[in-house]
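Have a look at the structure below, then the notes.
Protein chains: 2
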Amino acid sequence: MFCGVDIGGTNVEVGLVSEDGKLLDREGLKTGKFYSAPDLVLAIAESILRMTKQSRQPLEGIGVGCPNGRGDQGVMVEAANLPFKGIVPFVDLFKQYFPDIPVALANDANAAAIGELYYGKGQGLKDFVEITLGTGLGSGFIVNGKAVDGANGMAGEVGHMVMIPGGRPCGCGRSGCLERYVTASGIVATYNELCQIHHHEPEIGNYKDLCDLAGQNDPVAIEAFGQAGKMLGWGLANIALCTAPSHIFLYGGVALGAGDYLLKPTLRSFDAHLLYSYRGSVRLEFSGLLGRNGAILGAASLPRQLR
Amino acid sequence: MFCGVDIGGTNVEVGLVSEDGKLLDREGLKTGKFYSAPDLVLAIAESILRMTKQSRQPLEGIGVGCPNGRGDQGVMVEAANLPFKGIVPFVDLFKQYFPDIPVALANDANAAAIGELYYGKGQGLKDFVEITLGTGLGSGFIVNGKAVDGANGMAGEVGHMVMIPGGRPCGCGRSGCLERYVTASGIVATYNELCQIHHHEPEIGNYKDLCDLAGQNDPVAIEAFGQAGKMLGWGLANIALCTAPSHIFLYGGVALGAGDYLLKPTLRSFDAHLLYSYRGSVRLEFSGLLGRNGAILGAASLPRQLR
Chain A
1 MFCGVDIGGT
11 NVEVGLVSED
21 GKLLDREGLK
31 TGKFYSAPDL
41 VLAIAESILR
51 MTKQSRQPLE
61 GIGVGCPNGR
71 GDQGVMVEAA
81 NLPFKGIVPF
91 VDLFKQYFPD
101 IPVALANDAN
111 AAAIGELYYG
121 KGQGLKDFVE
131 ITLGTGLGSG
141 FIVNGKAVDG
151 ANGMAGEVGH
161 MVMIPGGRPC
171 GCGRSGCLER
181 YVTASGIVAT
191 YNELCQIHHH
201 EPEIGNYKDL
211 CDLAGQNDPV
221 AIEAFGQAGK
231 MLGWGLANIA
241 LCTAPSHIFL
251 YGGVALGAGD
261 YLLKPTLRSF
271 DAHLLYSYRG
281 SVRLEFSGLL
291 GRNGAILGAA
301 SLPRQLR
Chain B
308 MFCGVDIGGT
318 NVEVGLVSED
328 GKLLDREGLK
338 TGKFYSAPDL
348 VLAIAESILR
358 MTKQSRQPLE
368 GIGVGCPNGR
378 GDQGVMVEAA
388 NLPFKGIVPF
398 VDLFKQYFPD
408 IPVALANDAN
418 AAAIGELYYG
428 KGQGLKDFVE
438 ITLGTGLGSG
448 FIVNGKAVDG
458 ANGMAGEVGH
468 MVMIPGGRPC
478 GCGRSGCLER
488 YVTASGIVAT
498 YNELCQIHHH
508 EPEIGNYKDL
518 CDLAGQNDPV
528 AIEAFGQAGK
538 MLGWGLANIA
548 LCTAPSHIFL
558 YGGVALGAGD
568 YLLKPTLRSF
578 DAHLLYSYRG
588 SVRLEFSGLL
598 GRNGAILGAA
608 SLPRQLR
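These protein sequences, in sequence, are chains A and B.
The opening residue of the first sequence carries number 1 in my numbering; numbering runs sequentially from there.
The opening residue of the second sequence carries number 308 in my numbering; numbering runs sequentially from there.
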């Protein structure tokens, strides 16, 4: 049995996961309630102890997924959406409470990739890419059965590939990045642009509304997903040329919410942009973790790469 | 002592390389003289035996670099510029003459990357990317000290990243691929386009002439390299986000010929397009194999990854 801890800007999810990927128990915390990382880790440790006491199984490892996590160093670095500034040594903080249990950490996209490897469609695969689509676009590269950290510990920041030089301004300080067109806010922005072009009153407040509108066959909403898919398929076809994965898995709230409205145009564009000699050797599909507490499963899988 | 065999469309180079990367002896063959792969391998084997007899050192391995080589299978697949069609089992062919010596094969870009790792600036590095610039743009990814083959054995075809949808037609059947703008013929095409725009009579026949013209401070030639560098820096900044290499090395005849005329605008564009948080963690520079019989050194390094 492993414990997965997913630390996000709003919520912290803590869960116990069996060897074969069943969620045995879980608890949630509000990130904003904690003013320091040691306070947060103390509360998480109490939560883990409470749950393990009830489960009566031995705990084999703890995995922590967080934004800007550096797996090689076991720390989180300057995560913009979290109240803890600077470098947070999460692995060391957990080790204070669990000195005899392996503790591993990764950024959330790498955690999703490793979760896919152990609990999702990545089982038995050696080379694949996990794409997480949410407020940002993250990715985790699996090469030869191992997650790639890269020399700076930040491999997989493909959401910031510049697709359109001089395009939409990005929070990273540059413009035209892939994630500005294919994340929740990006697709909503495209919808609003299309409404202006069509002199059509925008009917939505957020991404969920846009998904609902597409579900009602609204042509402007469907076109917004079509444009996002075009950009995403193009970007993924370029990415595939680097490490030649056998699969690219789409994961995250944006993928879950949009379903085929996003997947179908993405597949069309991926096929159109992929190098012909790669055709048939790279499959693009939804993650096996979608709708399955993937963040906890991903975090819980991390200590398994330490073995 | 290792033997490196570089099989190209025009020439085959065979060389003996010492453990520390010195070229001890070499011979060359004309690819076009051989009507079948077994004939070619027989001639290469004779050449190797001749050279090893003279050198009196034991041969520890043979490495073969070739276009469309699949390292995992030891074969060359449908290489367009070679007279041997279909799947050529080079490793097995060499094994007939050298049954007791390790034989390894890779595509030429991966061979250059592995050569960089053992004999060039890659010594001691774990994560880097080798870019080969010639008639095409190839690349080899080193992740955790190992060359990436990918699921299809063809990782690193980044010359076919689509940069400009609907851009210049590419030999791959699509359009707007990176290599159409940054290889020898691509940069010459840009020069010719610029001449048309400036109503300027083109003064060159080939890439070498263009390099000479830039050396004479011809502003149109310099502008052609400037545009190529802009595109190359943009593409490399996108690639860097996948595996977060510590270095990207530029190798090949185009890089050697152009020198700073290409490197300087490439560096400017790379800096402008690279994600800010990656700055300082990825260095872009010329390969340590440039002008050093890199193709033979690269091939000779391949059996060392088998150890």
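Yeah, the Cβ is synthetic: ideal placement off N, Cα and C, and Gly gets one too.
As the structure is a computational prediction, the values presented were derived from the model and not from experiment.
Asked                                                                                                                                             : Found
Option in A:224, A:210, A:174 with minimal Cα separation from residue 193 of chain A                                                              : A:224
Three or more C-beta pairs below 8 Å linking the region 63 to 75 of chain A and the region 95 to 110 of chain A                                   : yes
Start and end residues, beta strand (DSSP E) containing residue 439 of chain B                                                                    : 435 to 440
Element boundaries [alpha helix (DSSP H), containing residue 580 of chain B]                                                                      : 567 to 580
Distance, residue 601 of chain B Cα to residue 585 of chain B Cα                                                                                  : 29 Å
Nearest candidate by alpha-carbon position, reference residue 447 of chain B, set B:475, B:428, B:416, B:471                                      : B:416
Any 3 or more C-beta pairs closer than 8 Å across the region 470 to 486 of chain B and the region 518 to 527 of chain B                           : no
The region 411 to 436 of chain B: positions lying closer than 9 Å to chain A by Cβ                                                                : 432, 433, 434, 435, 436
Collapsed DSSP secondary structure at residue 304 of chain A in the structure displayed                                                           : helix
Segments assigned alpha helix (DSSP H), at least 4 residues, entirely inside the region 103 to 163 of chain A                                     : 108 to 119
Contact list for residue 390 of chain B against chain A, beta-carbon separation under 7 Å                                                         : Going along chain A, no residue has its Cβ under 7 Å from residue 390 of chain B, so there is no contact; the nearest lies around 20 Å.
Chain B residues whose Cβ lies nearer than 7 Å to that of residue 223 of chain A                                                                  : Per Cβ cutoff of 7 Å: no residues; residue 223 of chain A is ~18 Å from chain B at best.
Segment limits, beta strand (DSSP E) that includes residue 12 of chain A                                                                          : 11 to 17
Closer than 8 Å to chain B by CB, residue 182 of chain A                                                                                          : no
Residue of B:396, B:386, B:389 minimising C-alpha distance to residue 380 of chain B                                                              : B:396
Sub-8 Å separation of residue 594 of chain B and residue 320 of chain B beta-carbons                                                              : no
CB contact check: residue 373 of chain B to chain A, cutoff 8 Å                                                                                   : no
Contact with chain B by residue 243 of chain A, beta-carbon distance below 8 Å                                                                    : yes
The region 255 to 277 of chain A: positions lying closer than 7 Å to chain B by Cβ                                                                : 273, 275, 276, 277
Own chain, CB closer than 7 Å to residue 375 of chain B, minus 5 neighbours either side, in chain order                                           : 383, 384, 385, 386, 414
Cβ neighbour criterion (16 or more within 10 Å) applied to residue 230 of chain A                                                                 : buried
Chain B contact residues for residue 239 of chain A, given Cβ-Cβ distances below 7 Å                                                              : 549
Below-8 Å beta-carbon distance, residue 206 of chain A vs any chain B residue                                                                     : no
Contacts around residue 573 of chain B, its chain only, beta-carbon distance under 6 Å, and the 5 residues preceding and following it disregarded : 536, 539, 540
Assigned secondary structure, residue 72 of chain A (DSSP; H/G/I helix, E/B strand, else coil)                                                    : coil
Test item: CB-CB of residue 542 of chain B and residue 485 of chain B under 8 Å                                                                   : yes
Spatial neighbours of residue 332 of chain B in its chain, beta-carbon cut-off 8 Å, leaving aside the 5 residues before and after                 : 322, 323, 358, 361, 362
Any non-hydrogen atom of the ligand ZN closer than 7 Å to residue 433 of chain B Cβ                                                               : No copy of the ligand ZN appears in this structure; indeed no ligand is present at all.
Per-residue DSSP class, three states only, for residue 101 of chain A                                                                             : coil
C-beta contact flag for residue 190 of chain A and residue 227 of chain A at 8 Å                                                                  : yes
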